[in-house]
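Residue numbers (the working numbering): 6 to 152.
All C-beta atoms in this analysis are idealised placements derived from N, C-alpha and C, irrespective of residue type, glycine included.
Only one structure is covered here, and it is reproduced in the block below.
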């Protein structure tokens, strides 16, 4: 990975990865892992990141409006964790050039594909959670969401 791009990503996130291998895995799409065994893809980290994101966003919404009902909180949360928003954040972070994609996925425009960007952002959040916990995830999400 390009160390300059990695440093820029970490600066934008406001988080420096302790283990470069954790960041590398968060940026590894299944198409790359399939072409380069025994590489592991980012799907498990994305699952973890999705859960951490949902918790952080829900906690923020409740803190911002303690009287809000579930009927009000649920659509607000859905808007904040939607794939389009996550992909936009990933694009703002300039994640695309750092993605580890298989040849076919790369040639098909995978670096700009919304679903890949959204899943990668979740994987980055999962990696941050694994290294530094929920407070670090909250800080990164707050920075991305401009809370």
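Can you name the start and end residues of the alpha helix (DSSP H) that residue i belongs to?
{"i": "residue 115", "result": "Element bounds for residue 115: n/a, residue is neither H nor E."}
{"i": "residue 138", "result": "Where residue 138 is concerned, there is no enclosing alpha helix (DSSP H), given that its DSSP letter is neither H nor E."}
Let me check one thing: in DSSP terms, what residues is residue i bridge-paired to?
{"i": "residue 105", "result": "33"}
Evaluate residue i with the Cβ neighbour count: other Cβ atoms within 10 Å of its Cβ, from every protein chain shown; 16 or more gives buried, anything less gives exposed.
{"i": "residue 143", "result": "buried"}
{"i": "residue 100", "result": "buried"}
{"i": "residue 145", "result": "buried"}
{"i": "residue 54", "result": "buried"}
Less than 9 Å between the beta carbons of residue i and residue j, yes or no?
{"i": "residue 41", "j": "residue 110", "result": "no"}
{"i": "residue 95", "j": "residue 126", "result": "yes"}
{"i": "residue 38", "j": "residue 44", "result": "yes"}
{"i": "residue 129", "j": "residue 60", "result": "no"}
{"i": "residue 123", "j": "residue 89", "result": "yes"}
Below 8 Å on the Cβ atoms is my guess for residue i versus residue j; work out the distance and round it to an integer in Å.
{"i": "residue 135", "j": "residue 27", "result": "6 Å"}
{"i": "residue 58", "j": "residue 86", "result": "6 Å"}
{"i": "residue 151", "j": "residue 20", "result": "Wrong, their Cβ atoms sit about 16 Å apart, outside the cutoff."}
{"i": "residue 103", "j": "residue 30", "result": "Contact flag wrong, Cβ pair sits at about 12 Å."}
{"i": "residue 66", "j": "residue 81", "result": "5 Å"}
Is there a C-beta anywhere in chain D that falls below 9 Å from the one on residue i?
{"i": "residue 49", "result": "Given the protein chain composition of this structure (a single chain), no chain D is represented."}
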